[in-house]
Every structure is written in C-alpha cells, then in structure tokens.
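Residue numbering for the sequence shown follows the numbering used here, starting at 2 and increasing by one per position. First comes the structure, then the notes that go with it.
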Amino acid sequence: MPIEIDSDDSTSIELGDLVEFLFENRIQPMDQDSLASASTALKQLSNNRKFLAEMVCSELKDYRSLQTSNSYSAQVFMIYPPQRNGQSFFLRACLWPAITDQMVMTSGTEPFFYNKPHDHNFNFLTVGYHGPGYGSDYYEYDYEQCGGVKGENVSLRYIERSSLSRGRILLYRAFTDIHNQLPPDSLSVSLNIMENSIRASMMDQYAFDLNSGRVAALINRTSAGSLFGAAAALGSGEHKEILRHIAARHEIERIRLAAFDALANTASGKEEALQIWSAVRKSDSAFIRGWRQVRTSEIEALT
C-alpha cells in the first residue's frame, strides 16, 4: 500500500513557501525518497486552514480565467500548475464528495473514480486536508508481470482498508499501489504533490476487476482515441493510411492500440474490421497480440 509518513508538525506555511521548498531542494517526485522528503512541508501547508478557500474565492472573482491551466475534471483544483521549463511537479487539491452530496447524485460516481480500482503511472504525495477523507481498499501488484491486456489475470495482494483522514500523509507509488476508492462520509479535500514527468504519458495505467482479479481497462488520460476516431470517421483515405502507419509503427503500444481501434470501429462490417486486426504480426508485442485476441473475439460476437 502507499507509504505512510508520520508528522505531528503543527507549523503553518503559505503555498508559496511549499513551492519555494520544492524548487530550492530540487524535489524530484519520480524518486520516492526525494518526494518523501517534502512530506513535512506538505503537512505544514495542510495546517494552513485559510489558503485554499482564499485561493478559490480569488479565482472566482475572475471567472473568465478560472483554472485555465487545469486539464482535469471539476473535481480537481490546480493550486500550482506546471509553468516553468523542467518543472518536475505540480500541486493540486482534490474534492471528494459524499455519496449523498448533490454533485454525486447529479453526475454519479464515475467522475470521482469511486469503486473503480486502479493503479497509477506516477508517484504522488497526498495529505488529508478537510473532512474524514475518502476510504480505500489497498492492494499491491507486480507491474512488470502484467502485460496490460483486458481480461488478463493479475496477482493482487490485499493490504488493508483505511481512510485519508485529516493530516494523514501517504506516498502513492507508481506501478505498485492499487486502491479502490470509497466515498467519504462527508465532503473531503486532499492536497497533492504530483509527479510531472514523461513516463506518465509513456507508461500504462490500469483499472482492475477485483472480483475476477483481472485487468479491466486501460485508463490513461489521452486524447488519441477520440482524435483517431474522428480522423477515421471524417477523414479521407490519406487519413486512414496515416492511422495504419501509426498502428504498425508507433513506439507507444497504447497509441498503436488506439489507431487499430479507430480503424476497426469505422469499418464497413465485421469482415473489414477483422481484416484490420489481421495486420497484427507474430513479431508484435504480447500487448498488441493480446488486444488483437480481445478485439477479434468482441467483433466475432457481434450479431
């Protein structure tokens, strides 16, 4: 499970103090020890009970530029986005509504990742800031032994259930920790120091089915699927040729999969869709070959 870091520091600092600490000490969130060394400073910011409310109110006064650097959903409030060359981190606050809160009753639990067990392809340090905190069933697994294909068996090791209560500090480890998040009893907020690195774009992130112990889906935040789908549906033969080239040659397997999916999803029928997937070669990776088997089975099951 995530590494718990104890701190009873009661000092209160401002957001700028934390940012200065991270830069001056060259904190590198990709390095777990380096990230852990920022835990006291993060705890000190969490002791500041006014900064977040004041920051939110300040941004609301100029709603036209509200959170312009935030690419996340409305659940996330960016408190220090990436803004310098080579910046290895960014800071955010996350809102965790209770199941009875209006926003959950309106939008459902999907936007908040409740009851959607998943890992992370980045490290991050978090502290409970407000409320009882979301709960989690924590598991661990061996990323290197996971091929990343939907339906693949994964050895999940259950650790415990606990909550991110106010002042509790956890370091989530990339490619190791899995958690099934549960809604808090009342509205809660957490503060995060996030890894800002290229590996979050290159490496895969998974959702899991705890009942079967299998990979449920790839859940990387990427626009490739929708962009490729639009190109395949609206573009010309040249656009599809570009997608075929990406499907055959792109260095990121997940991007290849997105290109294959876009081409197959816009095929004229089952035979053409199967023909698209037949381009997968024996020399291709186990990831692509495994997803070919998944997709061809899904296509063949269509009536």
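Ideal placement from N, C-alpha and C gives every residue a C-beta, glycine not left out.
Here the alpha carbons of residue 185 and residue 138 stand approximately 13 angstroms from one another.
The Cβ atoms of residue 240 and residue 249 lie no closer than 8 angstroms to each other. In the structure shown, residue 179 falls within a strand segment according to DSSP collapsed to helix, strand and coil.
Cβ-Cβ distances below 6 angstroms link residue 12 to 45 in the same chain, with the five nearest sequence neighbours on each side left out; the list follows chain order. Contact between the segment 118-137 and the segment 158-169 is present: three or more C-beta pairs spanning the two stretches fall below 8 angstroms.
In this structure, residue 4 lies away from residue 192, with their beta-carbon atoms at least 8 angstroms apart. Taking one beta carbon from each stretch, the segment 216-226 and the segment 137-154 have 3 or more pairs nearer than 8 angstroms; the two touch.
Nearest to residue 31 by C-alpha distance, out of 176, 301 and 187, is 176. By the criterion of a C-beta distance shorter than 8 angstroms, residue 20 is surrounded in its chain by 81 and 92, once the five residues flanking it on both sides are discounted.
Per DSSP, residue 137 is one residue of the beta strand (DSSP E) stretching across 136-141.
When rounded, the separation of the alpha-carbon atoms in residue 262 and residue 110 is 27 angstroms. Contact annotation, residue 189 with residue 97: C-beta distance approximately 4 angstroms; criterion of less than 8 angstroms satisfied. Rounded to whole angstroms, the Cβ separation of residue 182 and residue 140 is 12 angstroms, and the two are not in contact under 8 angstroms. In this structure, the CA atom of residue 17 is about 30 angstroms from the CA atom of residue 112. Only buried fits residue 291, as 16 or more other CB atoms lie within 10 angstroms of its CB. Under the three-state reduction of DSSP output, residue 266 falls in the helix class. With respect to the 8 angstroms criterion, residue 53 and residue 94 are classified as neighbours on the basis of their beta carbons. Assignment of residue 195 by DSSP, reduced to helix, strand and coil, places it in the strand class. Residue 284 counts as exposed, since fewer than 16 other beta carbons sit within 10 angstroms of its beta carbon. Nearest to residue 267 by alpha-carbon distance, out of 55, 300, 255 and 147, is 300.
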